[in-house]
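There are 2 protein chains.
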Amino acid sequence: MTPLPTLRQLQFFIALVRRESFSRAAEDCLVSQSTLSSAIKQLEGLLGQQLIDRSTRSFSLTPAGEEVVERAEAILAMSEDLSRAAKGVEPLTGAFRLGVIPTISPFVLPQATKLFQETYPRLQLYLREDLTAALADRLHSGLIDAALLAFPYDIRGIESIDLSEDPFWFACAPEHSMASRKSLKLKDLNRTELLLLEDGHCLREHAIEACKLRNTATVATFGGTSLFTLTQMARSGLGATLLPELAVRSGLAKSAGLVTIPFEGPVPVRKIGIAWRKGSGRREEAEAVAAIIGKVLAERHIFAS
Amino acid sequence: MTPLPTLRQLQFFIALVRRESFSRAAEDCLVSQSTLSSAIKQLEGLLGQQLIDRSTRSFSLTPAGEEVVERAEAILAMSEDLSRAAKGVEPLTGAFRLGVIPTISPFVLPQATKLFQETYPRLQLYLREDLTAALADRLHSGLIDAALLAFPYDIRGIESIDLSEDPFWFACAPEHSMASRKSLKLKDLNRTELLLLEDGHCLREHAIEACKLRNTATVATFGGTSLFTLTQMARSGLGATLLPELAVRSGLAKSAGLVTIPFEGPVPVRKIGIAWRKGSGRREEAEAVAAIIGKVLAERHIFAS
DNA sequence: TCCACCTTATCGATAATATCGATTATAATA
DNA sequence: TATTATAATCGATATTATCGATAAGGTGGA
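Below, the structure is given as structure tokens:
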């Protein structure tokens, strides 16, 4: 491919045409006259044509020079446009694909989507609800841009920021032996059969971990497929359960007719955060998403209750 | 003034996008991988934006990268135009990249390339066969210098000149009910099932348009992938078809054992012409190409028959 | 899980070049 | 012929582009 002139050379040339003088053009370009002079000569050599007519005292362009001026100006203008456009791609315009786990999704998204629309009207937000492992895969393969997850969760190759802590609450039917308690300690759980979500839901692991449920016998083998079915199972007396505060605040337990009891002492929690692929250049956007979700999470009562 | 990216950086970036790999792009640019890598990083620093997503094995651009690609291509194309225009080189010496659509290519190129060699011995003619839409893209991005296309076809930013009209002929197997006709009118087509090329081939659209095949029921849904397979399908009794005279004259129908029948009254045609990027300074060269192709088209019998 | 492999990033050394200040050459003018 | 303004040239220096080698990171297979 034929070697191209340098944008710098074109800038010099345009300045030269504008000022009609090597020395004045050099001033404009903040270089010495000799620099500009040699650069022009270089450009002429590259193009194989004389661009300015040095034969007369008055400044004039050769036909080739005339030919070049307009194009050079256009090219420079386009280059500036490119710079500006590249710099000005503000976050969250266009498509953004966000993955959310099922134990967060129903309690955050209704409010969040509304906020997204208001804050980033040019955003097209695609949502995908799936388990953490599946979302991690999709993050890696670039099928989603960020994910709203619960932590701790070890995924290599992703970065994340924490948004908030989400404490666990004890929830049981009013007939349950512990239903009248005002608060619980972790060790109280040892005596109780607990219903948890089925394998794969990180909420299950987080509950086991945070509540130190070493004694797996206390954990019912039949897992719920969603927090909604789980609360229904609890209501029908199959056992008590652990719900994230996020769900409690949204009225999940209440609407299922369950009693909720907080923990005291070391309160078991999971963390909620935003994760994105390391090196994806989505940090800024992920932080913007985090800000929105953070606002939603900060509302004490997600549903009026 | 904000510092501009270097054309070299843009070239590197475009090569990177094209090859989807740092190392392969570096080869194309005749520099080492480290050079290209750091140049890209430099460009990203300059623009203040990450341009490509380095986190996945699969190559993908960030939004900012998408934004930059097109502009960069345009800038580079214009820069090449500037070089060429300034140099004022005589037409058709050195490299010339010509795109041709598949429904013209096999019937013109064998003769044309010979003529090119004789007329412009210093010409290196690179040929690319592709569908109109793909060729239009390549015209815009400067990957080809001109294209031999069939018209009408609306592409912004290109100029073109018409070379000749290419009438459609009716072609069918000898056993076909219309095989004995001496000539046809357009309305005769309404009663016949027609095989056309698959979507994307402009010949299909041109046939439908020129022959007023409003009644889509007459057009077989299974499209041929080339005129050669199409004639084979017609020969085996799947239906009749419409062939451009260019193909008929080259003996395509005859060698496939098809009967060809001309139209009378309003004869349906497509136009053949040369297109080039507006402002590319290729008009003169395109006209020279047009002259060559025109000669080939003017020969009544392309193959002795 | 570990390991070999492929791709990209980084580093230090070197070559290329851009730039400068000083000087010289050129041409128009007094 | 001197004078003045302008541009070209030259040698020195600073910048940078580039390379080869190597490290780092991720992928896919044993």
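Just so you know, the protein sequences line up as chains A and B, in that order. Under our numbering, residues 28 to 332 are what the first sequence spells out, in order. Under our numbering, residues 28 to 332 are what the second sequence spells out, in order. All residues carry an ideal CB built from backbone N, CA and C; glycine is no exception. Please read all numbers here as calculations on a predicted model, not as lab measurements.
Boundaries (first-last residue) of the alpha helix (DSSP H) holding residue i
i               : result
K209 of chain A : From DSSP, K209 of chain A is part of no alpha helix (DSSP H); its letter is neither H nor E.
A283 of chain B : 279–283
V316 of chain A : 310–325
L257 of chain A : 254–262
I235 of chain A : 229–237
V44 of chain B  : 34–46
A200 of chain B : Looking at the DSSP string, A200 of chain B is not in any alpha helix (DSSP H), and its letter there is neither H nor E.
C123 of chain A : Note on identity: in this sequence residue 123 of chain A is Phe, with Cys being the wrong assignment. First-last for F123 of chain A: 121–127, but that is the beta strand (DSSP E), not the alpha helix (DSSP H).
E335 of chain A : Residue 335 of chain A is absent from the model: chain A starts at 28 and stops at 332.
Test: residue i CB closer than 8 Å to a CB of chain A
i               : result
Q69 of chain B  : no
R45 of chain B  : no
E107 of chain B : yes
E312 of chain B : no
P90 of chain B  : yes
S82 of chain B  : yes
S277 of chain B : no
S85 of chain B  : yes
A113 of chain B : yes
A52 of chain B  : no
A42 of chain B  : no
A234 of chain B : no
R98 of chain B  : yes
CB contact check: residue i to chain B, cutoff 8 Å
i               : result
S110 of chain A : yes
S307 of chain A : yes
R304 of chain A : yes
Q138 of chain A : no
K298 of chain A : no
G75 of chain A  : yes
V95 of chain A  : yes
P32 of chain A  : yes
I102 of chain A : yes
T62 of chain A  : no
V116 of chain A : yes
T146 of chain A : no
A237 of chain A : no
V316 of chain A : no
G266 of chain A : no
G126 of chain A : no
G72 of chain A  : no
T159 of chain A : no
T29 of chain A  : yes
G227 of chain A : no
G169 of chain A : yes
G251 of chain A : no
Inter-residue CB distance, residue i and residue j (contact presumed, cutoff 8 Å)
i               : j               : result
A66 of chain B  : R35 of chain B  : 7 Å
F40 of chain B  : A99 of chain B  : 6 Å
I182 of chain B : A101 of chain B : Not quite, the Cβ-Cβ distance comes to about 15 Å (not below 8 Å), so this is no contact.
F197 of chain B : A122 of chain B : About 41 Å separates the two Cβ atoms, so there is no contact after all.
L119 of chain B : V127 of chain B : Their Cβ separation, rounded to whole angstroms, is 16 Å, which puts L119 of chain B and V127 of chain B out of contact at 8 Å.
L240 of chain B : L222 of chain B : Actually they are not in contact, since the Cβ atoms of L240 of chain B and L222 of chain B sit about 12 Å apart, beyond 8 Å.
L154 of chain A : L176 of chain A : The Cβ separation is near 14 Å, so there is no contact.
G250 of chain B : R231 of chain B : 7 Å
V116 of chain A : P90 of chain B  : 5 Å
R165 of chain A : A237 of chain A : About 26 Å; that fails the 8 Å criterion.
Range of the contiguous beta strand (DSSP E) that encloses residue i
i               : result
R276 of chain B : From DSSP, R276 of chain B is part of no beta strand (DSSP E) but of the alpha helix (DSSP H) over 272–276.
A302 of chain A : 296–304
V286 of chain B : 286–288
Residue i CB to nearest heavy atom of the ligand HEM below 7 Å
i               : result
H233 of chain A : No copy of the ligand HEM occurs in the structure displayed, which carries no ligand at all.
Which residue spans inside the stretch 146–185 of chain A form an unbroken beta strand (DSSP E) run of at least 3?
150–156, 173–178
Counting pairs of Cβ atoms below 8 Å between the stretch 104–121 of chain A and the stretch 266–279 of chain A, do you hit three or more?
no
Which runs of the alpha helix (DSSP H) at least 4 residues long sit entirely within the stretch 64–116 of chain A? Give them in chain order.
Counting whole runs of 4 or more residues, the stretch 64–116 of chain A contains the alpha helix (DSSP H) stretches 90–114.
Taking 8 Å as the cut-off, does the stretch 140–147 of chain B touch the stretch 57–66 of chain A (at least 3 CB pairs, one atom from each stretch)?
Three or more beta-carbon pairs separated by less than 8 Å are not found between the stretch 57–66 of chain A and the stretch 140–147 of chain B, which leaves the two stretches without contact.
Validate contact between the stretch 74–82 of chain B and the stretch 292–310 of chain A using beta carbons, cut 8 Å, 3 pairs:
yes
Is it a yes or a no for the stretch 188–196 of chain A touching the stretch 251–260 of chain A, going by three-plus beta-carbon pairs under 8 Å?
no
Using 8 Å as the cut-off, can you tell me whether the stretch 282–297 of chain A makes contact with the stretch 198–212 of chain A, which would need three or more C-beta pairs spanning the two stretches below that distance?
Verdict: yes, contact present.
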